[in-house]
Amino acid sequence: MDWMSLVVIPIIKSLVLIIGLLTAFAYLTWYERKLVARFQVRYGPNRAWKFGLGQPVADALKAIFKEEVVPAHVDKPVYLLAPALSLLPALVAFAVVPIAPSMMLFGRKIDFFIADVNIALLYVLAIASVGTYGIILAGWSSNNNYSILGALRASAQMVSYELPMGVLLASFVIITGTLSLRGMVETPRALWQSLWMMVAFIPYFICALAETNRSPFDLPETENELIAGFQTEYGGIKFALFFMSEYINMITSSAIMTTLFFGGWKGPLVDQFPGLGLVYFFLKVVAVLFLFIWVRASIPRARYDQLMRFSWKFLLPLSLAYLAVTAVLKVVIG
């Protein structure tokens, strides 16, 4: 392998991924506001350029030019580190997701992922856990009762819902025989495997809602109880970084669900026209994001005790039962 393959191409792919995710975040906020408006029989953003497409730019400029205030009572180094520590895991988790089949570009074979990690599912779980530290440090460093309560809620919620999510991922490993997301897309599945994996979609989707702090599981930042939770003492660009990490986590979760349940970039005519794979992947991710937004617009926020009880008394036993049945099916059917 030459220096282009070892250094230049990975750097270019990383830059394209970061710019792409930041752009996707900006227009996901527009997509969500327009969809929620339709659910509520409103227009949504419609002043900034055509169809409100300039709204994300206006929001970004507003966040950038807001006055940066650091309260006197905070632990300043940790307070400033927390937003970045929350955003970085959201960005790097996407590195192992294959978004299209390999293609020949400029005489070189280009893989449409940053790293083909053979333990990609473990990597995703580990990176998701690191993101929790940003929230915990934000609450602790703010030296504010509402902030620390929001951080404690977030940490307890993420630990509680990572367990059933991990069990479900272990079931998928048994079915497919690989921890690699690329392998899960490219390895042919029997009909029973695809159908049985789809049974787990709703439990996995619920875990993803809780892991990304999305409604109805947005208890760490519930306004009527904790003002803004762990974000209470943040404003301007620092608040925007937390906002950004939540939405990029949504995109990454949707991309992983697309890979696990919907065949990733696979679709008609992809073998003849590999570029279609990127289109199929994009459309599938948008469809999963629609479900995130639909749930937000339709289901009221749960109480905190209901949230925890649902995980430990229902979702975890259900995922363990799914794992056991999966193991039996794998032995019996093969």
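Residues 19 to 352, numbered by the working numbering, are exactly what the sequence shown covers, in order.
Each residue gets a CB set at the ideal place from its N, CA and C atoms; glycine is no exception.
Just so we're clear, the structure is a prediction, and the values are computed from it rather than from any experiment.
**Prompt:** Does DSSP put F126 in a helix, in a strand, or in coil?
**Reply:** Per the sequence shown, residue 126 should be read as Arg rather than Phe. Three-state result, R126: strand.
**Cβ contact check for the stretch 99–111 and the stretch 259–267: 3 or more pairs under 8 Å** = yes
**Asked** What's the gap between the Cα of V75 and the Cα of A102?
**Response** Inter-residue distance for V75 and A102 is about 21 Å (C-alpha atoms, whole angstroms).
**Request:** Could you tell me the distance, in whole angstroms, from the CA atom of G282 to the CA atom of Q211?
**Result:** Rounded to the nearest whole angstrom, the CA to CA distance from G282 to Q211 is 15 Å.
**Neighbourhood of C225 by C-beta, 6 Å cutoff - its chain only, sequence neighbours within 5 removed** = Y179, P182 and M183
**Asked** Is the beta carbon of S198 sitting closer than 8 Å to the one on N136?
**Response** yes
**Prompt:** How about the stretch 251–260 and the stretch 88–104: do they share at least three Cβ pairs that are nearer than 8 Å?
**Reply:** yes
**Prompt:** What distance in whole Å lies between the Cβ atoms of G247 and S165, which are believed to be in contact at a cut-off of 8 Å?
**Reply:** At roughly 7 Å, the Cβ-Cβ gap stays under 8 Å, so S165 and G247 are in contact.
**Message:** Are the CB atoms of R126 and Y322 within a distance shorter than 8 Å?
**Reply:** no
**Prompt:** Taking contact to mean at least 3 C-beta pairs separated by less than 8 Å, is the stretch 200–209 in contact with the stretch 331–349?
**Reply:** Short answer: they don't touch.
**Message:** I'd like to confirm the pairing. Which residues does DSSP put opposite M121 in its beta bridges?
**Reply:** I128
**Item:** For F261, the nearest candidate out of I27, L105, S173 and F299 (CA to CA)
**Value:** L105
**Asked** So, is A144 buried or exposed, given that buried needs 16 or more other C-beta atoms within 10 angstroms?
**Response** A144 is exposed by the Cβ-count criterion.
**Request:** Give the secondary structure of I192 by DSSP, where H, G and I count as helix, E and B as strand, and everything else as coil.
**Result:** helix
**Item:** Closest by C-alpha distance to G152, when choosing among Y141, V142 and G168
**Value:** G168
**Message:** Tell me which residue opens and which closes the alpha helix (DSSP H) that V346 is part of.
**Reply:** L334 to I351
**Request:** Keeping to the same chain, check which residues put their C-beta closer than 7 Å to that of D129; ignore five residues upstream and five downstream.
**Result:** S120
**Prompt:** What residues in its chain sit with their C-beta under 8 Å from that of A118, if we drop five residues either side in the sequence?
**Reply:** For A118, where only same-chain residues beyond five positions count, the Cβ hits under 8 Å are F130, W283, P292, G293, G295, L296 and F299.
**Message:** Using C-beta distances below 7 Å, list every residue in its chain close to M176, excluding the 5 sequence neighbours before and after it, in chain order.
**Reply:** T150 and E229
**Asked** Where G62 and N231 are concerned, what is the direct C-alpha to C-alpha distance, given to the nearest angstrom?
**Response** A straight-line Cα-Cα distance of about 23 Å links G62 and N231.
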